[in-house]
Amino acid sequence: MMNYNFIAPYYHNLSQLVFFNRQHLAHFPILDFLKDGDKILWAGGGAGKFIPELAKLNLNLEIDYVDFSSKMIELAKKEFSGNLKINFIVSDIFDFESTEKYDVIFTTFLFDHFSQTKAEELFLKLDSDLKPNGIWFYVDFSQQQKGWQKEMTKLMLYFFRLIIGLDISQLPKMKPIFEQNYKQLKLNYFFRNYIESIVYKKT
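With positions in the sequence shown counted from 1, the corresponding number in this note's numbering is that position plus 5.
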């Protein structure tokens, strides 16, 4: 079973060291698509370093912030800003049950933890939680990799297999799944096209 608690205090600094803060910057495109009153599900939010950027919008947002690592949730709470309503929830996203539909879903570096089968299962679960015409913000590693990108992915998967117990040998292909029922509103690439940041709209 995956466990991020050990690496949680070092994860953000490690990300900055390896990706020169590009993982963080890849979150910024969603800021143009949020509106007052949005109810957001942030699945696998991690240490919450992007929370202050949401607060700067001065919008009335309510966020269900779900992560299976209690240490990540502890770190995210330290980023909390009073003008946001954030419900911090320690839970496996597969076990999380919502009582309402969301206007926006964030999955930032989440699907890269799962096999193709589990990723598709998770997609269907989250899709059912998103309102018609809702926004899905997807950030992850590119699925069209070449040369050094493939080698870096192999190294990254090996590292996380040792550190957190990650049990996959390749990244799931999510774009074809989204393209069946979602319209792409915005696409940005970061870190020499290794990271893709996509805003989708449910059709």
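The C-beta atom is built at its ideal place from N, Cα and C for all residues, glycine as well.
Note that the structure is predicted; figures quoted are calculated from it, not measured.
Three-state secondary structure assigned by DSSP to residue i
i: A13; result: Because the pLDDT of A13 is 49, which lies under 50, any placement of that residue in the model is unreliable, and the question is left without a value.
i: A124; result: helix
i: I182; result: helix
i: L171; result: coil
i: E67; result: strand
i: F93; result: strand
i: P57; result: helix
i: L135; result: strand
i: D37; result: helix
i: K106; result: coil
i: K151; result: coil
Separation of residue j from residue i, as counted between CA atoms
i: A124; j: K61; result: 32 Å
i: F119; j: G49; result: 12 Å
i: Y205; j: I168; result: 32 Å
i: A31; j: T113; result: 9 Å
i: N65; j: G152; result: 44 Å
i: A13; j: I56; result: Residue confidence is low: A13 scores 49 on pLDDT, short of 50, so the model does not pin down where it sits. No coordinate-derived value is stated.
i: D1; j: D97; result: Not covered by the structure: residue 1. The range shown for the chain is 6 to 208.
i: S103; j: I91; result: 14 Å
i: K191; j: S86; result: 27 Å
i: R27; j: Q154; result: 15 Å
i: F33; j: L127; result: 24 Å
i: L210; j: L176; result: The shown model of the chain, from 6 to 208, leaves out residue 210, and the question about it has no answer.
i: K40; j: K82; result: 23 Å
i: S147; j: T158; result: 10 Å
i: L36; j: Q121; result: 29 Å
i: D108; j: F195; result: 26 Å
i: D43; j: R166; result: 36 Å
i: E58; j: T208; result: 28 Å
Buried/exposed call for residue i, threshold 16 Cβ in 10 Å
i: G170; result: exposed
i: F73; result: buried
i: K54; result: buried
i: F99; result: exposed
i: G51; result: buried
i: D69; result: buried
i: Y163; result: exposed
i: L46; result: buried
i: L80; result: buried
i: L160; result: exposed
Beta-bridge partners of residue i, as assigned by DSSP
i: S202; result: V144, N193
i: F111; result: W47, F142
i: D117; result: Note: D117 sits in no beta bridge, so no partner.
i: D100; result: Bridge partners of D100: none, in fact.
i: K188; result: K206
Inter-stretch contact at 8 Å, needing at least 3 Cβ pairs: the stretch 191–203 / the stretch 141–156: yes
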